[in-house]
Structures are given as C-alpha cells and as structure tokens.
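Here the sequence shown is numbered in the numbering used here, starting from 11 and rising by one per residue.
Encoded as structure tokens, the structure appears first; notes follow it.
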Amino acid sequence: MRPKVLSLCSYIVLAFSLLFLAIIYQQITPTIPLHYGIVGEADSWGAKNNLWYLAIGGIVVNVGLTLLTKRPDLYNYPCKVTDNNRDRIYAASTQVVASLQLTTTLILAFVIVMMALSVERIPRLIYALLLLSPFVNLVWGIRKVLKAGKEN
11 MRPKVLSLCS YIVLAFSLLF LAIIYQQITP TIPLHYGIVG EADSWGAKNN
61 LWYLAIGGIV VNVGLTLLTK RPDLYNYPCK VTDNNRDRIY AASTQVVASL
111 QLTTTLILAF VIVMMALSVE RIPRLIYALL LLSPFVNLVW GIRKVLKAGK
161 EN
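Written as structure tokens, this is what we have:
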C-alpha cells in the first residue's frame, strides 16, 4: 500500500478510537486496567482519565510519523544510499514508516478499547500478536530497504 493510504488509515483508526472513547467515557468504570503483564493479565489499575494519555500519545505518534515520512533523508539505513538506489530506498523506507504508523495506531486503539471496557485478561494469542507485530513490521522493513538498496 502507498504510504499516504497507510497514513490515512492510521488517522481513521485514531479518529474512531477517540470517538469511541468520547462516546463511552461516562459509562467507563472509575478504575480501569492501566497495564497488562507478559501473559496479558491486568497487573496495574488506575483512574479512567489515564485513557486520555493514550489518546494524546496516539495523536503525537501519528503526527510525528507522518512528518517523518516526509523526510526519508533523515533515516538511518542498513545499506549505502547512492544516486542509483536513493529513490528506491526512500520509497521503501517511507512505506515501512507508514506501515509502522498504522501498526502502532491499531495497537493503541486496541489497548484503549480493552482498558475502557475494563478487560482484565487479553487472550494470549491476541496479546502475542500485539507484542510481535511492530517487530515483524521492522524486520519486514529492513529486508525491504536492503532489497531496494541492492545496486542493479
């Protein structure tokens, strides 16, 4: 997918999670899970207003990564950038950052929903997928950039 489409999807997911939070905020219990341990069980509890920190974090992450996709010349690359491969590497790395933006936003939205609904235990498979998805995205991205960096 194109980086602009991925970024737009991120903002749509963020908007829906913020809308969800605003609509149900009054019905959320005063104490919610704030942290889930390694096996997906809530192990820290706190006030529901902490949900807004996640929402603000989502906004900051989205804006920051959107700005970052516009400056691929600032990235660190696992290969040498030359005149011959610059366009391919920049295109690949911009797609990777936009994909990471969507992945991060989906995770934040999921966590906001779980916390708002006071879910005490996230199923292990879903929790493992949540934890692994950014790393899978980064490994895929490094391979994509390395492939783009190979000289023809």
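Glycine included, each C-beta is placed from N, C-alpha and C at the ideal position.
Compute the Euclidean distance between the alpha carbons of residue i and residue j, then round it to the nearest angstrom.
i    : j    : result
I152 : Q37  : 43 Å
P2   : Y46  : The shown model of the chain, from 11 to 162, leaves out residue 2, and the question about it has no answer.
P43  : K90  : 45 Å
L24  : A102 : 24 Å
L16  : L112 : 6 Å
V149 : L110 : 11 Å
G159 : N95  : 6 Å
N147 : L75  : 15 Å
I99  : K14  : 17 Å
D83  : A108 : 15 Å
A138 : P40  : 28 Å
Y63  : F145 : 24 Å
Y35  : E130 : 18 Å
A52  : T92  : 49 Å
Y87  : L18  : 25 Å
From the DSSP output, which residues share a beta bridge with residue i?
i    : result
A57  : T41
E130 : Answer is none; E130 lacks a bridge partner.
Y46  : A52
For residue i, is the classification buried or exposed, using 16 other Cβ atoms within 10 angstroms of its Cβ as the cut-off for buried?
i    : result
S54  : exposed
L141 : exposed
I33  : exposed
L118 : buried
G9   : The structure shown does not extend to residue 9, since the chain is modelled only from 11 to 162, so the question has no answer here.
G68  : buried
T79  : buried
M11  : exposed
Quick test of your reading: residue i and residue j, contact by CB under 8 Å. State the CB separation rounded to the nearest angstrom.
i    : j   : result
T115 : N72 : 6 Å
Skipping 5 residues on each side, what residues in its chain have a beta carbon closer than 7 Å to that of residue i?
i    : result
V106 : G151, K154 and V155
L31  : L61, A65, I122 and A126
Y85  : S103
Should residue i be counted as a contact of the ligand MN given a C-beta to heavy atom distance under 6 Å?
i   : result
L84 : With respect to the ligand MN, the structure shown offers nothing to examine, as it has no ligands at all.
Ordered along the chain, which non-local residues of its own chain (more than five positions away) have a Cβ less than 8 Å from that of residue i?
i   : result
R81 : none
Using a Cβ-Cβ cut-off of 6 Å (strictly less than) and excluding sequence neighbours within five positions of residue i, which residues of its own chain qualify?
i   : result
S20 : N72, Q111, L112 and T115
S27 : A119 and I122
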